[in-house]
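For the record, the sequence lines run as chains Z and A.
With the working numbering applied, the first sequence covers -18 to 659.
With the working numbering applied, the second sequence covers 1239 to 1678.
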Amino acid sequence: MSGLVKLTIDGRAVEVPAGTLLINAAKMAGIEIPAFCYYEGLSLQAACRMCLVEIEKSPKLVTSCTMPVAEGMVVHTNTPQVAEARKSMLEFILTNHPLDCPVCDKGGECELQDLTFRYGVDVSRFTEFKYHVPEKQWSPIVYFDKPRCILCYRCVRICKEGMGVGALGVVNRGVVSEITPNHGDHLECDECGMCIDICPVGALTSGIYRYKTRPWEMKHVGTACAHCADGCTTTLGVYDNRIIRGSNQDRSGVNGEFLCVKGRYAFDFVSHEERLRTPLIKKDGRFEEVSWSEALRAVAKQFQEIRACGGKLGVIGSTRTTNEENLYLQELARRGLGTNHIDHRRSGDVAALLAAVGGRAEALARTEDLYQRQAAVVIGADLAQQHPLLAFQLRANWRHHQARVYVVTRGPVREDSYAALSVRAEPGRELAALEGLRETLKNEPELVILFGDSVRGEAVYRLVEFGASLGIPVKYVCLVDHSNSRGAMDMGLMPDFLPGYRPVQEAGLEPGLTLPAMLDAPDLDALWIVGANPLRNRELAAAGAFLVVQDLFLTETAQRANVVLPAAGAYEKTGTVTNTCGELIGVKRAVSTMGAKTDLDIFRNLAVMMGIEIAPPAPAEVYSNMSQRGIAAAPGLTHAGLMDPANDTLFTSGTLGRYSKTLNSLKEAPGELYRWNS
Amino acid sequence: MSGMLYNEPSPLEVKVLTRRFGLESPVRIDTYLATGGYQAFQKALKMKPEEIIEEVKASNLRGRGGAGFPTGMKWGFVPRHSPKPKYIVANGDEGEPGTCKDRLLMENDPHQLLEGMMIAAVAVGAQAGYIYIRGEFRKCLEAVEQAIGEARERGYLGKNILGSGFDFDMFTRTGAGSYECGEESALLESLEGKRGVPRIRPPFPAVVGAFGCPTVLNNVETFCAVPHIINDGGAAFALLGTPRNGGTRLFCLSGHINRPGVYELPMGFNLLRMIEEVGGGIRGGKKLKAVIPGGSSCPVLKAEECDIAMDFDTLAKAKSMLGSGGVIVMDEDTCMVKAAMRILSFYAHESCGWCVPCREGTTWLKKLLLRFHAGEGSRGDIDLIAEVARNMLGRTFCPLGDAAAMPAMAFVEKFRDEFEAHAEGEPCPFEPSPREVLAR
Chain Z
-18 MSGLVKLTID GRAVEVPAGT LLINAAKMAG IEIPAFCYYE GLSLQAACRM CLVEIEKSPK
42 LVTSCTMPVA EGMVVHTNTP QVAEARKSML EFILTNHPLD CPVCDKGGEC ELQDLTFRYG
102 VDVSRFTEFK YHVPEKQWSP IVYFDKPRCI LCYRCVRICK EGMGVGALGV VNRGVVSEIT
162 PNHGDHLECD ECGMCIDICP VGALTSGIYR YKTRPWEMKH VGTACAHCAD GCTTTLGVYD
222 NRIIRGSNQD RSGVNGEFLC VKGRYAFDFV SHEERLRTPL IKKDGRFEEV SWSEALRAVA
282 KQFQEIRACG GKLGVIGSTR TTNEENLYLQ ELARRGLGTN HIDHRRSGDV AALLAAVGGR
342 AEALARTEDL YQRQAAVVIG ADLAQQHPLL AFQLRANWRH HQARVYVVTR GPVREDSYAA
402 LSVRAEPGRE LAALEGLRET LKNEPELVIL FGDSVRGEAV YRLVEFGASL GIPVKYVCLV
462 DHSNSRGAMD MGLMPDFLPG YRPVQEAGLE PGLTLPAMLD APDLDALWIV GANPLRNREL
522 AAAGAFLVVQ DLFLTETAQR ANVVLPAAGA YEKTGTVTNT CGELIGVKRA VSTMGAKTDL
582 DIFRNLAVMM GIEIAPPAPA EVYSNMSQRG IAAAPGLTHA GLMDPANDTL FTSGTLGRYS
642 KTLNSLKEAP GELYRWNS
Chain A
1239 MSGMLYNEPS PLEVKVLTRR FGLESPVRID TYLATGGYQA FQKALKMKPE EIIEEVKASN
1299 LRGRGGAGFP TGMKWGFVPR HSPKPKYIVA NGDEGEPGTC KDRLLMENDP HQLLEGMMIA
1359 AVAVGAQAGY IYIRGEFRKC LEAVEQAIGE ARERGYLGKN ILGSGFDFDM FTRTGAGSYE
1419 CGEESALLES LEGKRGVPRI RPPFPAVVGA FGCPTVLNNV ETFCAVPHII NDGGAAFALL
1479 GTPRNGGTRL FCLSGHINRP GVYELPMGFN LLRMIEEVGG GIRGGKKLKA VIPGGSSCPV
1539 LKAEECDIAM DFDTLAKAKS MLGSGGVIVM DEDTCMVKAA MRILSFYAHE SCGWCVPCRE
1599 GTTWLKKLLL RFHAGEGSRG DIDLIAEVAR NMLGRTFCPL GDAAAMPAMA FVEKFRDEFE
1659 AHAEGEPCPF EPSPREVLAR
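Here it is as structure tokens:
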């Protein structure tokens, strides 16, 4: 099917691509055809019968969600017959619907309310008893209220088709048909909540948000998710300075409507009772609460003294702080504190990739490429667990465009179920396995290669050579683990690179100590750790070093600090982060902090106290240092030995995950989800 | 295994499909072969596929499952040069209340069904056939499986059948108790082992049917007519009936008549004559009140409408349907509100729940009618019943919604006086009051 088809909808001449469904053709022409069961991107259902329209020469009303456009078709969507049909469908739906709208979570943003308001009637002729069954809880997160369900099957389809999980089905028939978990009374799934947000009514509600407020009482703040590196935008619902909901129903950001359990529900670390709210100073082996000025003065004094006597000062940055903060921190460390011992925890060899592709921006894939390119290879990563959005994109690409996905992993992954080919290979041996796919990949028109931390250093160069030898356009994604792991590198939190991957030698500096080297250096005088927990299960070689830690919680690292500075979380600040595909994602403050300060504020206060003048970075400054812009990284010190990925799964998220009660309530989730990489 | 017959034949019958009924061991292939069996198939093997389809078109054979779609035309829709395998599926999920003919055909002459399907297979080039049998029909299943086994043994099924180079085999599948699975696309879902809900059409089964492949799907009785069409010629079969309604039909007479049963009569047989002469008249000498002419989904006919030829077109003109041949006769003591209630209770129970108007509408109608019959209805409810049914009509996903809506509308329209007699707290005039029951 190709070319354009001309048809008339409500007297308007419309020209749309052949094969377009009538409901979408009308949408393109600005005409709304209401529907519950039709959902773009999912299989067709034609069950709600709301989208019936009149087509000339057709004896009956036709469902516009199943009818492809045809040349010369004349369609009417606003005749009395159509209006009457819509009205009667709503009347049917409402016969067994409980009308408990005043206490329903969905009230105010319910599609059934909206369409009843627009197309329904104000009188109910149904005077029989309504069918009722009690509400059920399927998991800590998912609740199901059967009477509200209108059986549009969106939840069943998004779970099976969109997520590849298939946790939901339907039992019984007729009016007692009921959506139900396929494992009986409980869900065995990702707990992503896609089913809840896709529900047009209040049948599926979340244990996190239910009965907390009314939708119109919340402030909605779209911001980057604080967890993995995929850079989803989550729209936080804020009520009374508390985050009570995460969703992305406005489809903003690179993720569209997609969110996983972390983006949707794991915002509760923000209000965890163990959040640090006051600076702490260790006196005689015990922490004492002190004022911000006292704490900052103590830190500034120590740092200045060490600098004055030429002492050794190390700085470890965070994989979750914003680009602006990272840029400021490296400037403060290098220029203000005069140290080049700055690093962070690495989880992917981005520097090697950038050097290997030699600054060709077109060789770096963006999130949308995973949905659009015709083939992809996943190397050494359990995407569904570690990069839920990228997994969703690839799966949708396979569903909608029949993209071929190849998998080279150590163990079974969910992508196997639809992969064109799956190959098992131990870490470090993936490239040899990939060689076996050469002839197959050569026949693909184009390719996206995603690789995890097991492809590092020299192997990245060989991978890119392999890609180049295929003779087809190839794009790459170097997978990293946390919300701004990529940005930490882009913004120069590395001992050998300045922002934008410029070698430190350009600034007349010698490469400083790496993170492991700092921890191992016996002569370190001070260590400043920002939003990281490197001492979780190891000792600091320089036992007497002055240790400053700024974090949300009193982590294992913070417990050993001399000074602890309470920091604001990702949902309490504004700025940008960079996702694993190198896209800039906006961070917007949703709630204000109590006691804690943003990392940028802490940096600036310290700078002021030390008499160092550094202006906060302008947005353009961040942008100009982003690797997505095609900056050629100089092949320098190999980072291969530095990889220490967090290996988070769907229900873990580093320190933040440990302080998310929601994620912890799901830890006992079934075994299928925890596999070879956890 | 012997055959199963449930009524004495009538001298008025024209026995074509039922001509082996009552023979000794009718299920055995020897009996079948001794009475001309599998000759039509052998003839078909020598014919060109188009010739077979032309013969079926000439016979004016129309689908016996209820819709009456011309069979030859349906076969013609199967793409000739599809790279996919093709299938033949027989719909033996007989579930329409009032209809009980396919069961007899399968129990008493299963080879006839097999032969009809084999001829269809030759006509469209299919490799395999499935007979989907209603789950409750254990005897049918046994008979059909025995017949398939025998046919395989004698080389009528399998590879290179009778040295012709034609391969074809057959299998049985059973339903699990759902009326909806008699709808062709839901049947295919069930056949594939899935939940029995209908599919979006188009594409129709002729193009995308079983397992996504082109499929000929016909009612058991339809296939059973095919050997006779090939043997005697389409024209001869057509002549048995009326114009555009070829052949004979198995009518299932039930209700308040003296000799209920299944009778094979020519298409176009007069309904009153059928009741009086074939069925032996109304039980107990009562007067006729109404007839449902083709199974529960067909709009009811009042007594004065019953002087009518029983074929698809005439009944359509009378705003009813020939349906699947289930003639339900009701005498003067029958409460029409109760009849409607019983029918709608059936459809509410059998609605698959896929689409809104059928799922909610059938249940609403059932509740309304239950309440109404119990004397708790108002005059306004009468119009509401008709209105709810009208809102379902033509708007449901599959024909089940129409099958429920049409009879509901007809009952209200034709027997409004009886509905009025129940309204506003009046007890059912046709049922004894509690006092009368106690007095007995």
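Glycine included, C-beta positions come from ideal geometry on N, C-alpha and C.
Contacting residues, own chain, Cβ-Cβ under 8 angstroms from residue i (five flanking each side not counted)
| i | result |
| --- | --- |
| Tyr112 (chain Z) | Asn77, Pro128, Val156, Val157 |
| Phe1442 (chain A) | Phe1315 |
| Leu1255 (chain A) | Leu1343, Asp1347, Gln1350, Glu1459, Cys1462, Ala1463, His1466, Thr1486, Leu1488, Glu1502 |
Residue i: contacting residues in chain Z (beta-carbon distance under 8 angstroms)
| i | result |
| --- | --- |
| Ser1589 (chain A) | Arg154, Gly155, Val156 |
| Leu1622 (chain A) | Arg106 |
| Gly1330 (chain A) | Near Gly1330 (chain A) there are no residues of chain Z at all, since even the closest Cβ is about 21 angstroms away, more than 8 angstroms. |
Closer than 8 angstroms at the beta carbon, the chain A residues around residue i
| i | result |
| --- | --- |
| Val25 (chain Z) | Residue 25 (chain Z) is actually Leu in this sequence, not Val. Ordered by position in chain A, the residues that pass the 8 angstroms Cβ test against Leu25 (chain Z) are Ile1438. |
| Thr47 (chain Z) | Ile1438 |
| Thr76 (chain Z) | Glu1598, Thr1601, Trp1602 |
Under 9 angstroms from the C-beta of residue i: neighbouring residues of chain A
| i | result |
| --- | --- |
| Arg99 (chain Z) | The premise fails here: Arg99 (chain Z) is roughly 17 angstroms from chain A at the closest Cβ pair, so nothing lies under 9 angstroms. |
Chain-order list of residues whose beta-carbon lies under 7 angstroms from that of residue i (same chain, five-residue window excluded)
| i | result |
| --- | --- |
| Gln283 (chain Z) | Ala507, Phe527 |
| Leu618 (chain Z) | Reliability of the predicted coordinates at Leu618 (chain Z) is poor, the pLDDT of 48 falling under 50, and no value is obtained from them. |
| Val303 (chain Z) | Per the sequence shown, the amino acid found at residue 303 (chain Z) is Thr instead of Val. Counting only Cβ-Cβ distances below 7 angstroms, and skipping sequence neighbours, we find Asn465, Lys554, Gly556, Thr557, Val558, Val568. |
| Pro1672 (chain A) | none |
Bridge-paired residues (DSSP) for residue i
| i | result |
| --- | --- |
| Phe248 (chain Z) | Phe248 (chain Z) pairs with nothing; no bridge assigned. |
| Tyr220 (chain Z) | Z:Arg223 |
| Leu1455 (chain A) | A:Val1327 |
| His201 (chain Z) | Z:Gly218 |
| Gln118 (chain Z) | Z:Tyr124 |
| Val1567 (chain A) | A:Gly1493, A:Val1529 |
| Phe1507 (chain A) | A:Met1548 |
Residue j beta carbon less than 8 angstroms from that of residue i
| i | j | result |
| --- | --- | --- |
| Gly174 (chain Z) | Ile122 (chain Z) | yes |
| Ile74 (chain Z) | Ile131 (chain Z) | yes |
| Cys1490 (chain A) | Val1565 (chain A) | yes |
| Phe107 (chain Z) | Trp1602 (chain A) | yes |
| Thr561 (chain Z) | Leu460 (chain Z) | yes |
| Val1252 (chain A) | Pro1504 (chain A) | yes |
| Leu308 (chain Z) | Pro598 (chain Z) | yes |
| Arg1318 (chain A) | Phe1307 (chain A) | no |
| Phe1649 (chain A) | Ala1541 (chain A) | no |
| Val242 (chain Z) | Val338 (chain Z) | no |
| Glu238 (chain Z) | Pro181 (chain Z) | no |
| Gly298 (chain Z) | Leu310 (chain Z) | yes |
| Ser1733 (chain A) | Gly1303 (chain A) | Nothing about residue 1733 (chain A) can be reported from this structure: the residues present for chain A run from 1239 to 1678 only. |
Chain Z residues whose Cβ lies nearer than 7 angstroms to that of residue i
| i | result |
| --- | --- |
| Asn1398 (chain A) | Here the premise fails: no neighbours, minimum Cβ distance about 38 angstroms. |
| Phe1635 (chain A) | Ala27, Ala28 |
Interface residues of chain B facing residue i [CB-CB closer than 8 angstroms]
| i | result |
| --- | --- |
| Ala1586 (chain A) | In the structure shown, chain B does not exist; the protein chains are Z and A. |
Beta-carbon contacts of residue i that lie in its chain and below 6 angstroms, excluding the five residues immediately before and after
| i | result |
| --- | --- |
| Val1529 (chain A) | Leu1539, Cys1544, Val1567 |
| Pro651 (chain Z) | Because the pLDDT at Pro651 (chain Z) is just 42, under 50, the model does not fix this residue reliably, and the point stays unresolved. |
| Arg354 (chain Z) | Glu427, Val429 |
| Gly183 (chain Z) | Cys85, Asp86, Lys87, Arg129 |
| Arg1257 (chain A) | none |
Residues that residue i contacts on chain A, provided the C-beta gap is smaller than 7 angstroms
| i | result |
| --- | --- |
| Glu21 (chain Z) | Correct list: empty, because the minimum Cβ distance to chain A is about 17 angstroms. |
| Lys41 (chain Z) | Gly1632 |
| Leu257 (chain Z) | Those within 7 angstroms of Leu257 (chain Z) in chain A number zero; the least Cβ separation is about 53 angstroms. |
Listed by chain order, chain Z residues near residue i by CB distance under 9 angstroms
| i | result |
| --- | --- |
| Asn1457 (chain A) | Those within 9 angstroms of Asn1457 (chain A) in chain Z number zero; the least Cβ separation is about 23 angstroms. |
Near-chain Z residues of the stretch 1593 to 1608 of chain A (beta-carbon distance less than 8 angstroms), N- to C-terminal order: Answer set for the stretch 1593 to 1608 of chain A: Cys1593, Val1594, Pro1595, Arg1597, Glu1598, Gly1599, Thr1600, Thr1601, Trp1602, Lys1605, Leu1606.
Short-range partners of chain A found in the stretch 57 to 86 of chain Z, where Cβ spacing is below 7 angstroms: Those would be Ala66, Ser69, Met70, Phe73, Ile74, Thr76, Asn77, in chain order.
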